[in-house]
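Here my numbering is used: position 20 in the sequence shown is 212, and no number is missing along the way.
Yeah, the Cβ is synthetic: ideal placement off N, Cα and C, and Gly gets one too.
Only one structure is covered here, and it is reproduced in the block below.
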Amino acid sequence: MTVFLELLLGVAGLLIERGKARGSLNKELAKVRQFGTSAVQNGKLVTPPIQVFGIEGRYATALYSAASKEKKLDVVEKESKSLQELLRSDKKFREFVTNPSLQRVQKKAVLETVMKPKYSPLMINLLAAMADNGRIAKIGGVLTAFGRIMSAHRGEVICNVTTAKPLDTSSLGELKKALQGFLKKGETLHLTMEVDPSLIGGMQVSIGDRYIDMSMASKIKNYTNLLSKQYKCDFYLLGTIGCRTYV
């Protein structure tokens, strides 16, 4: 265990002994816990412009709702980016967050104490809730999901295109023009290009909640599966291989 973690756990131990880590969470924590239940239907959460799924999506939506009601979306978004950068650049902090051997109450106490001077109560409540529920290791995914929600809030449509090799200027222009057809009035395209030689050719497009795989690798895989099925079918019809082999 690093000296950094030992110091943090020492702080946590003192807080726990003094009872400061056992305070009840505020109403925003309750909203986080209630998300996905009747609380949504009862209008207790502000519905985000896009739906994000999984555990990360639930926490990100709850954060968006709480920040919307307090009119602090800009503040929380700035803090979210700051925390993402901290996770990316600070190995010791990242190890602390993802360390499964640390108790929930320890992580919660440390996060509430160390992060409080730098972040708003909304962000602190999120961190405390996730630590309390044993989900803090997923904070990176939550912040990413929150970023997607905020992009949609501003009318931005996130699009990621992966190609086998970089596109030339002409092809990139044609691609952007084609992608504009997916947008609604008032929306703007936020395009990210990536290169993955394993695609062989073609491209993979993720835009909003849509995903299109037009890569050569995908086509080859599909053709291989079709040929494999046809091969099995031919042998079955010839009586060479029994049907139980493929059940």
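- In this structure, Val-334 lies near Ala-252, with their beta-carbon atoms less than 8 Å apart.
- Excluding the 5 residues flanking it on each side, Lys-261 has same chain C-beta neighbours closer than 7 Å at Val-238, in chain order.
- Each of Gly-347, Ile-331, Leu-367, Ser-312 was checked against the Cα of Gly-246, and the nearest Cα belongs to Ile-331.
- Excluding sequence positions up to five before and after Tyr-311, its CB lies within less than 6 Å of the CB of Glu-271, all in the same chain and listed in chain order.
- Per DSSP, the beta bridge partners of Arg-402 are Ile-399.
- Residue state for Asn-352 is assigned as strand, using DSSP reduced to three classes.
- Cα atoms of Val-289 and Lys-299: separation of roughly 7 Å, rounded to the nearest angstrom.
- With 16 or more neighbouring CB atoms inside 10 Å of its own CB, Gly-249 falls in the buried class.
- For the set Asp-405, Leu-314, Arg-286, the Cα lying nearest the Cα of Ile-392 is the one of Asp-405.
- In this structure, the beta-carbon distance from Leu-319 to Val-268 does not fall below 8 Å.
- Buried is the label assigned to Gln-396, since at least 16 other Cβ atoms lie within 10 Å of its Cβ.
- Counted as a single uninterrupted DSSP element, the beta strand (DSSP E) harbouring Thr-384 occupies residues 380 to 387.
- If you keep only unbroken alpha helix (DSSP H) runs of at least 4 residues inside the region 277 to 302, you get 283 to 290.
- Setting aside the 5 residues that flank it on each side, Ile-328 is surrounded in the same chain by Val-289, Lys-299, Met-322, each with a C-beta closer than 6 Å to its C-beta; the list follows chain order.
- Counting every other CB atom within 10 Å of its CB across the protein chains shown gives Pro-309 a total below 16, marking it as exposed.
- For Gly-333, the uninterrupted alpha helix (DSSP H) segment begins and ends at 331 to 345.
- Under the three-state reduction of DSSP output, Phe-374 falls in the helix class.
- Put simply, the backbone Cα of Asp-324 is about 34 Å away from that of Cys-351.
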